[in-house]
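For the sequence shown, the numbering used here assigns the number 64 to the initial residue and increments by one for each residue that follows. We treat Cβ as the ideally placed atom computed from N, Cα and C, and that holds for glycine. Working notes for the structure below.
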Amino acid sequence: MENLKLYNWYDTEFETILPEQSKSIKSFKRQAQNTFDRRIDAIKTRKNVEKDLFLRARTKLEDTKKRELSSNKVAYKNRIKVLEESIKQLNFSNSINSLISFEINKIKTQRKELYAYIKDFEKSLKNTGDSLEFKTNSLKNALEKSKKEEVLILEKFAIYNIVKNYINSYSDLDFDLAKLSSKLSSFENEFIKSQPNLSNKLKEFYSSLESKRQLFVEKKKDLEKKYSLTIKKQKELFARQQSNIKLEFDKKILELEFEYNQKYQQNLEQAKETKKLMLEKIDSQKEIILNKEKLNNQKIEQIISSAKSKEAAINKYYKKVNSHLFKFAKLDLTLDYFLFLNSISNYKNDTFTLDIAKKRNNLINSKNFLIDLNNLFEEIHQNCKEIEKTLLTKNIFDQKALNKVKKVFYSFENKISYIKIAKSLFTAKKSFDLSGVQKKYTYEAKFNNDKYEALLEKSFELKNTVNLFNKEKAEAILELINLEKNNRYAEEKLLFENKKKEVNTVFFSGKKELKDKLRNSEITKQAYQNKLNELKIEKKEAIYSEKLNSEIKKNKEILKTVFFRKSSAKKVVNKIAESKISESLKTHPIEMNKNVRWLAVVLGFLLPGLSEILFFKQYTKGFLMLAFTIFAYAAIIPFAFGAYWEKMGGIPGFSDLGKGKFNSSLGIFTDARYYLFGGVISVILFVLVIIYFTTSAISANRVARNLERGCRPSKWSHTKRWLNTSGFPWLISIPGWMLMIFIVIAPVVTSVLISFTNYGFMHEAPGRTVDWVGLEQWGKWWIFRELNLALSIQRVLVWTIIWTFASATLPIIVGFAVAILVNNHRIKGKKIFRLIYIVPWAIPAFVTILFLKSGFQSDEGSLFNLILLKLGFISKPIDWWASVNIIKTLLIIIQTWIGHAWIFMLVTGNLQSIPKDIYEAGSIDGARGWKLFKYLTIPSLLAAIAPMLIGQFVGAFNNFTIIALFSGGGPSYQTPTVFGEGTTDIVISWVYKLASGAIKVEGDQAFAAALTTIAAGLSIAVASRGFIRAMSRRD
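Set out below in structure tokens:
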């Protein structure tokens, strides 16, 4: 059996102060539970590490599997490609003509190689050290030799060409060359004349060619046969190899997963078994332990009761002392005021001041605290009056100066600071006294001792800090008063102004010199800007230096900044003390004799905040949580169940949408819209409250479990520090989440739920009731199939896809192109161009659309017809609305005009953020122009703006504004359906028509909501896939 151990936040192990406390049945069982809990925590930590390793290994294996599958696929394709290329290379054997063309091409290649050889030979001769005569002879010999070879090549070429021309021109194979003379070149005719009996030779040559072709044909057939046999085997082999690769890697992944899960389960079972054995051992020796426990309990009770009585006396004493906190703070404040005045007047010697300070320090330990406090305060106060009188008599101060100094020390902010100093001092002394009593039985003594040291240091440092800044402020005021008194104020002010003018003169002369250099092209514009910035910094530093040298400005600066400097210094002192106490809290364990875990969990769920107050002593956190709990029970939960507002039935009214209360004869008209939206809001609020209660219970369980081990609950300062650091993102995210839930999610959920009702025609709220109808609206496409609903959907979807692609792609292309052109370093006046291109985006879209709609009317007075008529491009006005294709084109052009400006801004910003280094590196590697743009600019831009471009497509899919304002979805189809779709209607505009009563069917708005949900689901699915792929590419 293990004795009870205590553990701090760092998991350091401690023995109990009283050994007898660790030898009871309860202690042994708690140690068994603590051992089990710690082991479970270690197992879970290890599990997370192992899980991370497993996921990494699985990802690596999956990547390797993909690579091997890809490599195997490439190898398979290459094997097939080799056979295909072998067959393809024999395609010249398909006809005698193709065979001759193949041979002619080979001859042409030989001739080119001969010419290349002569050129290379000539170049090589130039670089040798041989004599000119040798070079000339060598070149001559080479030329003669090459001419002979060329003649042979030309003769060979002539033979093939003659045969080709003859068989192409005539059907016989007699090779009567006289008929062909007009179609041959002069060289070929001369060649015919020089060759006797050439016709017979050509016949033989043709026969040999045909025989050769037949050999190639046979070879090709063999290869094709082999290919047809091989391709099947290769496909089977490829499929088998792919399957084997997948099986091999899947097996490895399963083995890793099994090993990971098995190890976790084994560790878990071992921990449970260890706990079971420990409890069995305790039960086996239960009688012996109980006998010893009775004796130990008497000793423990005697020690603790004695200490508790002393603690009660100390608490009682300090409760009495704390009632005079303000009086002590006032004494400290008056003492510091007295010491300041004494430092100026030297009214009392150092012995007296030291004696006063000693009395103040010993005051808190005095048995007659209140009497000694009052006596000391009266003594200091009387001395202050005497010093004030002396200062006024000797004319060191006047009354005005004295009042100002007094106001500095006795300000409201100082009074609060001194009260806090006194509180810290009293708390420190109380902690010290308690630690002396508690050291016999608890680790609370060590914590209180550390707390005493931290708070004592805090009170001392805080007092010194406040006093230091008070003296600094008072001295600054006195110096300013003395300057006025000695008539030096105006003189000092004038001197500073003159110094400032000198600095400005130096600055402007330097600036003028720089402008002259820039004008004369001695420096670049960038160098001018850099030098000007240096001059500005020098000017600022010179003026600040003169301020410090000026008595007036220096003291005014002190008075201006003293409050902020003092506040910062006090914060530092407070944070140091808090960090020391927090560290002590983490270092020293605490004894917890009661098992409060499950009670804390129950209270944490039912009344969040109560566990923190009763068990964990986290008063600030507990009262804040309890306040929200009361608000939840008093306001949120009743509202969620229909209280406070009759128009919303809450969660109960959600079931029938107010139908149960509807009674037209009594004039009771419940509005189903309020009930539906109110139900959604109520469910959301109720779920949020349940989440809050559950989170509170989990937190209470964690703190209680740690408390049972010995870990002290954290203080509010620790929570506050967490909120200012790692918890800050969570804190600032909560308002955003709330807005998103109630402004985005709640309306979206309501819209989706409408599709499950019959809301709309014949069921308009509040005049009529609305019912839940399940999937009826989703199935109306089948009911309306005879009314050509499928045709309507097809028409709208086809145009929606075309519109989405065109109206998103064209603005992206135009915006990209314009941004890249304007960003070119050769372009001058970039700022003007950027301003011009932003104009379409800056003007409200509806203004642009309505203006262009009026400009594309069919009459002569419309803007675009008038311009075209005046320029003579047309003789009569164009009826823009007569053709559907023209309207669709105009819609895409207008959207491109409106949308390209945003893409232009987006791309321009990202172009300027691309580092120049990568372009320099690319240039060094030999990349230029197009390659730099293709391999550096485009990937960098796409990585940054891909999610926004995906958003552009989603926006185009749902672009209701331009369709509604420009074309209204029209013109109509020549064969319209009852659903009223127009030729330019997209899904969202058509659904709007359905919802606004374009057709009268029962529950038309609910039917429109179903269609909207489907469309939204498609766009969200496509956008989500795009976002995921874009983010994975970026990662």
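Span of the alpha helix (DSSP H), counted from its first residue to its last, around residue i
i	result
L69	It is not in any alpha helix (DSSP H) - L69 instead sits in the beta strand (DSSP E) that spans K68 to Y70.
E614	E614 to T650
C447	F432 to T456
Q975	V947 to S976
E849	Neither: E849 is in no alpha helix (DSSP H) and is coded neither H nor E.
N260	First-last for N260: undefined, no H or E at that position.
E576	Y552 to R582
I899	K893 to A905
G1000	Reading off the sequence, residue 1000 comes out as Thr, not Gly. Taken as a continuous stretch (DSSP letters only), T1000 belongs to no alpha helix (DSSP H), as it is neither H nor E.
K422	D413 to N425
D115	I88 to Q152
S245	S245 -> no alpha helix (DSSP H), and no H or E assigned at all.
First through last residue of the beta strand (DSSP E) which encompasses residue i
i	result
E76	E76 to E78
Inter-residue spacing [alpha-carbon to alpha-carbon] between residue i and residue j
i	j	result
F391	A376	21 Å
I1141	K594	Residue 1141 lies beyond the stretch modelled for the chain, which goes from 64 to 1098, so this question has no answer here.
F495	S487	12 Å
E771	F679	11 Å
T959	S921	23 Å
S85	K92	10 Å
M1011	A1058	30 Å
K493	N385	10 Å
I981	N887	16 Å
A945	P907	28 Å
K256	S164	24 Å
L915	V902	15 Å
I80	E374	18 Å
V664	E336	26 Å
Residue of the options minimising C-alpha distance to residue i
i	options	result
L69	G1080, R775, L541 and V861	R775
T122	T1046, S1059 and E320	E320
K189	Y178, L202, L177 and A179	L202
G713	L729, R736 and S727	R736
A763	Q681, F732 and N545	Q681
G773	L118, T1038, N71 and K89	N71
G1014	A1069, G1032, S1087 and I977	S1087
K298	A760, I143 and F571	I143
I450	T414, D418 and Y400	Y400
L206	L215, K534, E185 and Y552	E185
L1004	F909, I890, A882 and I950	A882
F694	E555, F717 and L670	L670
A605	K634, L116, K362 and T568	T568
I747	W785, A1079 and P810	P810
E609	K556, N263 and K783	K556
T832	T683, T733, F432 and W661	T733
Contacting residues, own chain, Cβ-Cβ under 8 Å from residue i (five flanking each side not counted)
i	result
D1098	Confidence at D1098 is low in this model, with a pLDDT of 49, below 50, so the placement of that residue is unreliable and no value is reported for it.
L118	none
Beta-carbon proximity list for residue i, same chain, < 7 Å, skipping 5 on both sides
i	result
K283	I150, L153 and S156
Sequence-distant residues of the same chain with beta carbon closer than 6 Å to residue i, five excluded per side
i	result
D834	N821
L519	A491
K338	A95 and F99
Quick check: the segment 452-460 against the segment 395-408, are there 3 or more CB pairs under 8 Å? yes
Okay, do the segment 494-510 and the segment 361-377 touch, 3+ Cβ pairs below 8 Å being the bar? yes
For the 8 Å Cβ check, are there 3 or more pairs between the segment 1044-1051 and the segment 1018-1028? yes
Do the segment 700-709 and the segment 667-675 make contact, defined as three or more Cβ pairs closer than 8 Å? no
Pair every Cβ in the segment 636-655 with every Cβ in the segment 513-522, then say whether three or more of these pairs are closer than 8 Å. yes
Are the segment 935-945 and the segment 838-845 touching by the rule of at least three beta carbon pairs closer than 8 Å? no
Would you say the segment 158-178 touches the segment 214-230, given that touching needs at least three Cβ pairs under 8 Å? yes
Is it a yes or a no for the segment 129-145 touching the segment 338-345, going by three-plus beta-carbon pairs under 8 Å? no
Would you call the segment 872-886 and the segment 853-860 touching, i.e. three or more CB-CB distances under 8 Å? no
Contact between the segment 358-368 and the segment 101-111 (3+ Cβ pairs under 8 Å): no
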